[in-house]
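Novice: Per our numbering, residue -14 is the first one in the sequence shown, and the count goes up by one each step.
Once you've had a glance at the structure underneath, I'll fire off some questions.
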Amino acid sequence: MGEQLAGLCLKPRFLRLSAQHWSEQGQHAHPHRKQPHRGPRRLLRVLLRGRRVRGGFPLATGGRRRQAMKSGTPSRMIRAIRVLWVLELLVLMLAVSAAVWLRFLDDPGSRSAFIETAPFRTALVAIFITGSMTAFGLYQAHVRLNRTDFLLRLLLSFAFGGISLLVLYYVLPITYIGRGVLAIALLLGMLGVLLTRAVVHQLFGADVFKRRLLVYGAGQHADLINSRLRRSSDRRSFVVVGFVPVPGHKVVVAAHMLVSGDAPLVALADTLNIHEIVVAPDERRGGLPMEDLLACAQKGVGVTDLAAFFEREAGMIKLNVVDPSNLVFSGGFDHSLPRRLSKRFFDLLAASILLLLAWPFMLLVAACVWLESGGPVFYRQTRVGESGHAFELTKFRSMRTDAEKDGVARWASTNDDRTTRVGRFIRSTRLDELPQLFNVLRGDMSFVGPRPERPQFVDQLNTEIRYYNVRHSVKPGLTGWAQLRYPYGASVRDAEEKLKFDLFYVKNHGLVLDLMILLQTVEVVLFRRGAR
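Here it is in structure tokens:
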């Protein structure tokens, strides 16, 4: 199914037609049928699939549209995080400049000599520190941190970034800025980042800077926004003004959140200063006010489908609201030659570097496994890979040799009694997965992708979870989007929750997303999230 979806998405045919031409085509096809609303309805289908509108008509962009569909429109939250990154990059560069002035306050000659090559070396410090902050989850769009957690991650980020810079200075002495300048810069930079975060939170935490949403629908689908995006961290970029009940549909949303639907949508959007309408009825057949939605779109109000809204704001694909047409027509699933080549190059480079850094730890783990219980050091198991093809995955053995002596496949559980003492440690630190680097080098796996499952579980999950097989349209990965967003899964329900994030990755994967996932995996390993 995944290959079929990818094929459909990579062979689009687009027409640039006016509403009048659509209407004429409809009359030619059915000369005896009155079709007063055919043009607007077809135009709304275009709008709900995310095409841009200019002057009231859809604008097909030919070869460019596939890239636009793949990348999608970033949410305000994503754009805000990018702006925050740029601001903190500038703050850190200013911190280095201030450190130079403080360090060489009484030595103008040394200060002048430093300033000659300052821009390059200053930028390196800022890039390394913000990269470390990314690795510790300080630029995640959907993370919720308390004050203590934030301060701990910030301290670790600057410590890790400082150590990385010292390594760089040893390898490339030309980039060296001096221990005194670096120490002062790190201290000033940390204070600057804290101040920047406080100011940004005060200025942009208010609703006045958020996108104002009106939800068309007040049933179970619409209420998912309240149940799954209820945290303040989920709503940093938008505020829900209200829900408009659909006539004849069951109302689930609380009464105080409802907006009277007596007035047309375009009038409500104008009165309430709405920026975007999220279309979320429980039943669409005969239930969408196409003329009103079209009028809103022509006035510059965004019209978004609920599935696309969740994908954009929550980084997931909601299985109970998405249908095949959403997946087919919304783009993504990039299997082009440049993407395959860039992903393979990324896999080989990342796996080779990690293998060079980790081989001493691998030898130590192998010795500990053998000394504790003897027997085989490695554990080989059949897993399902790309296009459903099976391959043999290799891990360090973390369980007893008789863990599945009855031949029945079982999910690992919390405090699993089959795990050895060494096994518990290497599983919690993910050291048991290091041999999978050889699977990545062989091409069985990618560095980033959905985690591979056993054939027994795949057969079960394919029958119980909709779209589960779509995750096999890409290679499985050593780490992935679902591992960052959801803890370890040990049930059908967990597999269904993780699939929402796996489908998001399968649909939107790219080199930048792979790099972000790789950096944020450091946080998962250090804070031991999602391991059993």
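Quick reminder that beta carbons are idealized off the backbone N, C-alpha and C, glycines included.
On the premise that PRO461 lies in contact with ARG436, defined as a C-beta separation below 8 Å, what is that separation, rounded to the nearest angstrom?
Specialist: For the purposes of this step, residue 436 is identified with residue 451 of the sequence shown, where counting begins at 1. For the purposes of this step, residue 461 is identified with residue 476 of the sequence shown, where counting begins at 1. Yes, ARG436 and PRO461 are in contact; Cβ-Cβ is about 6 Å, under 8 Å.
Novice: How big is the Cα-Cα spacing for ARG375 and ARG439?
Specialist: Numbered from its first residue, the sequence shown carries residue 375 at position 390. Numbered from its first residue, the sequence shown carries residue 439 at position 454. In the sequence as presented, Arg is not what sits at residue 375; that position holds Ala. Near 9 Å, if we compare the C-alpha coordinates of ARG439 and ALA375.
Novice: How should GLN505 be labelled, buried or exposed, when 16 other C-beta atoms within 10 angstroms of its C-beta is the threshold for buried?
Specialist: Within the sequence shown, the letter at position 520 stands for residue 505. Buried: at least 16 other Cβ atoms inside 10 Å.
Novice: If contacts are defined as beta-carbon pairs under 8 Å, then PRO266 and HIS206 qualify, I think. What distance do you get, rounded to the angstrom?
Specialist: Position 281 of the sequence shown holds residue 266. Position 221 of the sequence shown holds residue 206. Indeed, because the Cβ distance is near 7 Å, the residues count as touching under 8 Å.
Novice: Inspect the beta-carbon positions of LEU426 and VAL350 and report whether they are closer than 8 Å.
Specialist: Sequence index remark: in the sequence shown, residue 426 carries index 441 (1-based). Sequence index remark: in the sequence shown, residue 350 carries index 365 (1-based). Cβ atoms of LEU426 and VAL350: not closer than 8 Å.
Novice: What are the residues that DSSP puts in a beta bridge with LEU378?
Specialist: Walking along the sequence shown from the start, residue 378 turns up at place 393. GLN366.
Novice: Under 8 Å between the Cβ atoms of GLU481 and LEU304?
Specialist: On the sequence shown, residue 481 is found 496 positions in, with the first residue counted as 1. On the sequence shown, residue 304 is found 319 positions in, with the first residue counted as 1. Yes; because the gap between Cβ atoms is below 8 Å, this pair is in contact.
Novice: Who are MET275's beta bridge partners in DSSP?
Specialist: Counted from its first residue, the sequence shown places residue 275 at position 290. DSSP output for MET275 lists no bridge partner at all.
Novice: Within a Cβ cutoff of 6 Å, which residues of the same chain sit near TYR161, ignoring the five residues on either side of it in sequence?
Specialist: Locating residue 161 in the sequence shown gives position 176, counting from the first residue. Once the five neighbours on either side are set aside, the close Cβ partners of TYR161 are TYR154.
Novice: Between VAL510, ILE63, ALA240 and PHE489, which lies nearest to SER218 when the distance is taken from Cα to Cα?
Specialist: On the sequence shown, position 233 is the one that residue 218 refers to. When only C-alpha atoms are compared, the closest one is ILE63.
Novice: Ordered along the chain, which non-local residues of its own chain (more than five positions away) have a Cβ less than 7 Å from that of VAL185?
Specialist: Position 200 of the sequence shown, counted from the first residue, corresponds to residue 185. LEU69.
Novice: With a Cβ-Cβ cutoff of 8 Å, do VAL522 and ASP290 count as a contact?
Specialist: As shown, the chain starts at -14 and ends at 517. That puts residue 522 outside it, with no answer to give.
Novice: What did DSSP end up calling THR386 once you bin it into helix, strand or coil?
Specialist: For the purposes of this step, residue 386 is taken as residue 401 along the sequence shown, with counting starting at 1. In the structure shown, THR386 sits in coil (DSSP, three-state: anything other than H, G, I, E or B).
Novice: With burial defined as no fewer than 16 other Cβ atoms inside 10 Å of the residue's Cβ, what is the status of TRP466: buried or exposed?
Specialist: By 1-based counting over the sequence shown, the position of residue 466 is 481. Counting Cβ neighbours within 10 Å, TRP466 comes out buried, since at least 16 surround it.
Novice: On the three-pair Cβ rule with 8 Å, is the segment 394 to 413 touching the segment 490 to 504?
Specialist: No, because fewer than three Cβ pairs between the segment 394 to 413 and the segment 490 to 504 fall closer than 8 Å, the two stretches do not touch.
Novice: Tell me the rounded alpha-carbon separation between HIS15 and LEU279.
Specialist: Here residue 15 corresponds to residue number 30 of the sequence shown, with the count starting at 1. Here residue 279 corresponds to residue number 294 of the sequence shown, with the count starting at 1. Because the pLDDT at HIS15 is just 39, under 50, the model does not fix this residue reliably, and the point stays unresolved.
Novice: Please state whether the Cβ-Cβ distance between VAL288 and ILE259 is less than 8 Å.
Specialist: If you number the sequence shown from 1, residue 288 lands on position 303. If you number the sequence shown from 1, residue 259 lands on position 274. Result no, Cβ atoms of VAL288 and ILE259 do not sit closer than 8 Å.
Novice: If we define contact as Cβ-Cβ less than 8 Å, is TYR471 a contact residue for chain D?
Specialist: Of the protein chains in this structure there is only one, and it is not chain D.
Novice: Whole angstroms are fine: how far does the CA of MET384 sit from the CA of GLY146?
Specialist: Locating residue 146 in the sequence shown gives position 161, counting from the first residue. Locating residue 384 in the sequence shown gives position 399, counting from the first residue. Spanning the two alpha carbons is a distance of roughly 36 Å.
Novice: Could you tell me the distance, in whole angstroms, from the CA atom of ASN311 to the CA atom of SER245?
Specialist: The residue you call residue 311 lines up with position 326 of the sequence shown. The residue you call residue 245 lines up with position 260 of the sequence shown. Cα to Cα, ASN311 sits roughly 29 Å from SER245.
Novice: In this structure, how does DSSP classify TYR201 when only helix, strand and coil are distinguished?
Specialist: Translated into positions along the sequence shown, residue 201 becomes position 216. Three-state result, TYR201: strand.
Novice: Given this structure, state the Cα-to-Cα distance separating GLN445 from SER476, to the nearest angstrom.
Specialist: The count along the sequence shown starts at 1 and reaches residue 445 at position 460. The count along the sequence shown starts at 1 and reaches residue 476 at position 491. If I take the Cα positions, the gap works out to 11 Å.
Novice: Residue range of the beta strand (DSSP E) that ASP290 falls in?
Specialist: Here residue 290 is taken as the residue at index 305 of the sequence shown, counted from 1. Taken as a continuous stretch (DSSP letters only), the beta strand (DSSP E) holding ASP290 covers 287 to 290.
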